[in-house]
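Novice:
2 protein chains.
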Amino acid sequence: MIQRPRGTRDFGPADMARRRAAENAMREVCHAHGFGEVVTPTFELSELFTMRSGQAIVDEMYVFNDKGDREMALRPEITASVIRFYVNDLSTLPKPLKLYYVGSCYRYENPQSGRYREFYQIGAELIGNDNPETDAEVISLAVKCLRATGLQDFEVRIGHIGALKSLVQAEIGDRTLASEVLRLIDKAEFEALGRLFESRGLSGDLMGRVRAVAGTKGGAEALDDIEDPEVKAHLKELFETLSLYGVDDCQLDLGIVRGLDYYTGMVFEIDAPRLGAEKQVLGGGSYTLSELFGGEPVFSTGFAIGIDRVVLALEAEDFRPEYRQCDAFVVPTEDNMRKYAFAIASKLRAAGIHTDVDLMRRSMSKNLKYAASVGTRYAVIVGRDEMASRSVTLRDMDTGEQTLVKADFVVEELEKLMAGR
Amino acid sequence: MIQRPRGTRDFGPADMARRRAAENAMREVCHAHGFGEVVTPTFELSELFTMRSGQAIVDEMYVFNDKGDREMALRPEITASVIRFYVNDLSTLPKPLKLYYVGSCYRYENPQSGRYREFYQIGAELIGNDNPETDAEVISLAVKCLRATGLQDFEVRIGHIGALKSLVQAEIGDRTLASEVLRLIDKAEFEALGRLFESRGLSGDLMGRVRAVAGTKGGAEALDDIEDPEVKAHLKELFETLSLYGVDDCQLDLGIVRGLDYYTGMVFEIDAPRLGAEKQVLGGGSYTLSELFGGEPVFSTGFAIGIDRVVLALEAEDFRPEYRQCDAFVVPTEDNMRKYAFAIASKLRAAGIHTDVDLMRRSMSKNLKYAASVGTRYAVIVGRDEMASRSVTLRDMDTGEQTLVKADFVVEELEKLMAGR
């Protein structure tokens, strides 16, 4: 037996039906919001990712040299590729550009619950602005994507990088020191931060204010607690616009601090609390990246949703839509009915009805057993009597109820029965 | 500027809309035929592919060692992974198993027209049988997939490995020599074959018969020219069953000889002649592979379609469905109408209408210009007068025709207008 690579997965038909249902529901919401799909390569020059995320990411990537000795990496995320595509080919298009993607990503780390070496993301990037209505558009898109999958229990937390940045930069004149302070805040290393404050003689009062800002959390009413007037105005307008979009249940959380040197303004995260420790299903915010890749500077706002986690969260909510491989299974009662069976199957399939037919030359009873084992709704039985009267018998595989119908109307009759269930 | 890797591609929204339309049409046909989707990892232990295709394929693969020093390869094809999945996890399920896949594959070769280093395939594997009706099921699926994309000009050629194999094995007692002869036929190296015949004193008559069998081609009437009685009976029943499925225009071609040591019976190829030299869009046939991967022996029949080539072939037929990113663009006439505009946009989106809204705080005329540039069908104009009467103006962006409608019925009115176009 040859094993599949560690941390990767195979998905069978029932799994895929559920995964595609969630994916397609989210795709449709993207299109409804005027986002168009882009697809970029699965591997890129590894510098694309180190430029965005720093050299440390190399340890977490699948890196290999191609035969021209260029260092390539399986993509750990897709935003960098989308912005590279934008800089190279799309930058002259009218703004805003609204793009979404669906694809596999790769992370070389020890597999654990909800974390895989090959994982799947859907994400969106709005390129061209960073005003509150842009933020609202992107957050609303994210929330409606998740709602469209059927997910019910999730929490949207919205913050703003500017609140902590402006506080630290206003109070610490030494820019190197200010950067170091922000870096520690970014990593949520508050103990090391405390030591730094002490060793550099920074006021404990400032430390308290940093903690206070990072601790600013709550519903829309908490917006009034924001000190920075620009951040307050921005987020107030954002929450108002979200409300117009029917997205009312967001939390303010100025403690979202990851990626302080990457994000430029609004940041947001969505958690599915039922997932426990690995509960984050989405991360996003506004950023600039095109300059780094040699383009003109432009604001972007985006997010990435972990499809695997969304599927796990749906399962945690016991949302498991029924999967049936076939609606109809055409069963000949004897050998010389087989050709008639193929013609009936062909007719049903042309009408889009998911149909199977005996290919194993089994007896009628064995065929009915097989049809039941793959979860077929209706057996379509074609026998001597049926053929003589140009009819077929439709048997409901759950109830055993049988109906004789004219072969010419088998599609209509079956559709009627299925609609009535 | 950071380039994308050579031989890979980026696809923008208009390209992706056409590619997904073709892909989704084929997916739907797979489901209608009772095939369920599987997804396997993008990389595998490289031995999986060398076991199937021989050591030489290593030179054409992207190979890399993971941190545990296992040799991995980006998949050059997906059949091997599906059968590995079958052997490891699915072999106890009732037969036949009908599986399909869609995914990216990788080939390290010089890029040329219609050949890329990252390319996309859709394929199917029917595991459990090799009788004529199984072959018919798989070929019919393939043909109906291609028809569903809108492709019109393609040729189906069907052959059978058994015709040449049985001839050579019956006439050449020396099994090593018979294998060598088949290997040369497989590679279509007929000159080298002639020299081998001469040097080993094989009869020129046999050489003539090999050429005659490989040259057996034509419509269904050519079936009578097949000498091997088993092959003749198999293919006759196959062609008859295909006809029941409405697939009538297939060609017999016993010259399809590639993969003589891999395929076990029926083989088929589909060409799109308008593509010129690289015209093959599909290859398939019956094979056994599970034994090689440590499973019980079982017959399988499958195919892989090159999605890139199908898309190129559709373009060669001038099949380019219209792409519009949005059906509606909501335009506020002045700043204090913006919130009203967001509410209208939200309503349209909730109804699944592809809708955009001004996020750049542009003037009305600039918004209309932007809406036209992205190919919007209708501008939904919300102004002071409209707001006062709880209405909006729908402007057909192609004709300039305007209609004032009640905001409460904007979804219904827009759907009516779009249906009427």
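Protein sequence lines correspond, in order, to chains L and Z. Note that the numbering used here numbers the first sequence so that position 413 is 413, with each residue one more than the last. Note that the numbering used here numbers the second sequence so that position 39 is 39, with each residue one more than the last. C-beta atoms are modelled at their ideal positions from N, C-alpha and C, and glycine is treated no differently.
1. If we count the other Cβ atoms within 10 Å of its Cβ and call it buried at 16 or more, is residue 273(Z) buried or exposed?
2. Which residues of chain L have a Cβ atom closer than 8 Å to the Cβ of residue 96(Z), listed in chain order?
3. With burial defined as no fewer than 16 other Cβ atoms inside 10 Å of the residue's Cβ, what is the status of residue 131(Z): buried or exposed?
4. Contact between the stretch 304-314 of chain L and the stretch 342-360 of chain L is defined here as three or more beta-carbon pairs at a separation below 8 Å; is this criterion met?
5. Does any residue of chain Z bring its CB to less than 8 Å from the CB of residue 143(L)?
6. Below 6 Å CB to CB, which residues in the same chain sit around residue 182(Z) once its five sequence neighbours on both sides are set aside?
7. At which residues does the alpha helix (DSSP H) containing residue 332(L) begin and terminate?
8. The stretch 317-331 of chain Z: which residues have C-beta closer than 7 Å to a C-beta of chain L, in chain order?
9. Alpha carbon to alpha carbon, what distance is there between residue 117(Z) and residue 109(Z)?
10. Using C-beta distances below 8 Å, list every residue in its chain close to residue 51(Z), excluding the 5 sequence neighbours before and after it, in chain order.
11. Return the bridge partner residues of residue 286(Z) from the DSSP annotation.
12. Based on DSSP bridge pairs, tell me the residues matched to residue 389(L).
13. Can you say whether residue 286(Z) is buried or exposed, counting buried as having 16 or more other CB atoms within 10 angstroms of its CB?
14. Mapping DSSP to helix, strand and coil, what is residue 133(L)?
15. On the DSSP letters alone, give me the boundaries of the alpha helix (DSSP H) that residue 410(L) sits inside.
16. Can you list the residues of chain Z that residue 356(L) reaches, using a CB-CB cut of under 7 Å?
17. Would you mind listing the beta strand (DSSP E) stretches within the stretch 99-163 of chain L that are 3+ residues and don't spill past its ends, in chain order?
18. Taking the beta strand (DSSP E) that residue 71(Z) belongs to, which residues open and close that run?
19. Sort out for me which residues DSSP pairs residue 217(Z) with in a bridge.
20. Just tell me which of 295(Z), 310(Z) and 289(Z) has its CA closest to the CA of residue 301(Z).
21. Give the range of the beta strand (DSSP E) segment to which residue 382(Z) is assigned.
22. Exposed or buried, residue 327(Z), counting other C-beta atoms within 10 Å across all chains shown (16 or more means buried)?
23. So residue 101(L) and residue 39(L) are in contact, right, with Cβ under 8 Å, and what is the actual spacing, rounded?
24. Are residue 56(Z) and residue 63(Z) closer than 8 Å when you measure CB to CB?
25. Tell me the rounded alpha-carbon separation between residue 258(L) and residue 58(Z).
26. By how many angstroms is the C-alpha of residue 267(Z) removed from the C-alpha of residue 188(Z)?
27. From residue 377(Z) to residue 367(Z), what does the alpha carbon distance come to, in whole angstroms?
28. Could you have a look at residue 67(Z) and say whether DSSP puts it in helix, strand or coil?
29. By alpha-carbon positions, which one of 5(Z), 145(Z), 69(Z) and 161(Z) ends up nearest to residue 24(Z)?
30. Check distances from the C-beta atoms of the stretch 34-52 of chain Z to those of chain L and list, in chain order, the residues that come in under 8 Å.
31. When the Cα atoms are used, what is the spatial distance from residue 329(L) to residue 152(Z)?
32. Pull up the distance between the alpha-carbon of residue 88(Z) and that of residue 71(Z), whole angstroms please.
33. Give every residue of the same chain whose Cβ lies closer than 7 Å to the Cβ of residue 275(L), excluding the five residues on either side of it in the sequence, and list them in chain order.
34. For residue 95(Z), which three-state DSSP category applies?
35. Assess contact between the stretch 225-244 of chain Z and the stretch 154-165 of chain Z, defined as three or more Cβ pairs (one per stretch) separated by less than 8 Å. Is contact present?
36. Within 8 Å (strictly less), CB to CB, does residue 343(Z) reach chain L?
Specialist: Taking the definition as stated:
1. That one is exposed.
2. Result: 359 and 360.
3. Residue 131(Z) should be labelled buried.
4. Touching, no.
5. Taking Cβ atoms only, chain Z never reaches closer than 8 Å to residue 143(L), which makes this a no.
6. Hits under 6 Å: 168 and 260.
7. Residue 332(L) -> not in any alpha helix (DSSP H); beta strand (DSSP E) instead, spanning 328-332.
8. Going along the stretch 317-331 of chain Z in chain order, one finds 325 and 326 with a Cβ nearer than 7 Å to chain L.
9. Roughly 7 Å between the two C-alpha positions.
10. Contacts found: 80, 292 and 293.
11. The partner list for residue 286(Z) (beta bridge, DSSP) reads 301(Z).
12. Beta-bridge pairing links residue 389(L) to no other residue.
13. The residue in question, residue 286(Z), is buried, as its Cβ has 16 or more Cβ neighbours within 10 Å.
14. Shown here, residue 133(L) sits in a helix according to DSSP, grouped into three states.
15. Per DSSP, the unbroken alpha helix (DSSP H) holding residue 410(L) starts and ends at 410-420.
16. For residue 356(L), the chain Z residues whose C-beta falls within less than 7 Å of its own C-beta are 34, listed in chain order.
17. Along the stretch 99-163 of chain L, the beta strand (DSSP E) occurs as fully enclosed runs of 3 or more residues at 118-127 and 155-160, listed in sequence order.
18. That run of the beta strand (DSSP E) goes 71-74.
19. Beta-bridge pairing links residue 217(Z) to 253(Z).
20. Taking residue 301(Z) as reference, the option from 295(Z), 310(Z) and 289(Z) with the minimal CA-CA separation is 289(Z).
21. Where residue 382(Z) is concerned, the enclosing beta strand (DSSP E) starts and stops at 378-382.
22. Result: buried.
23. With 8 Å as the limit, residue 101(L) and residue 39(L) qualify as a contact, their Cβ atoms being about 7 Å apart.
24. In this structure, residue 63(Z) does not lie closer than 8 Å to residue 56(Z) by Cβ.
25. When rounded, the distance between both Cα atoms is 42 Å.
26. Near 16 Å, if we compare the C-alpha coordinates of residue 267(Z) and residue 188(Z).
27. Residue 377(Z) and residue 367(Z) have their C-alpha atoms roughly 14 Å apart.
28. Looking at residue 67(Z) - three-state DSSP - the assignment turns out to be coil, as it is neither helix nor strand.
29. That would be 145(Z), whose Cα lies nearest to the Cα of residue 24(Z).
30. Under the 8 Å Cβ criterion, the stretch 34-52 of chain Z contributes 34, 36, 37, 38, 39, 40, 41, 42, 43, 44, 45, 47, 48 and 51.
31. Each residue's CA atom was taken as its position, placing residue 329(L) and residue 152(Z) some 30 Å apart.
32. Between residue 88(Z) and residue 71(Z), the C-alpha separation is close to 20 Å.
33. Cβ within range, chain order: 114, 309, 312, 313 and 316.
34. Secondary structure of residue 95(Z) (DSSP, three-state): coil.
35. Result yes; three or more Cβ-Cβ pairs closer than 8 Å.
36. Residue 343(Z) belongs to the set of residues whose beta carbon lies under 8 Å from a beta carbon in chain L.
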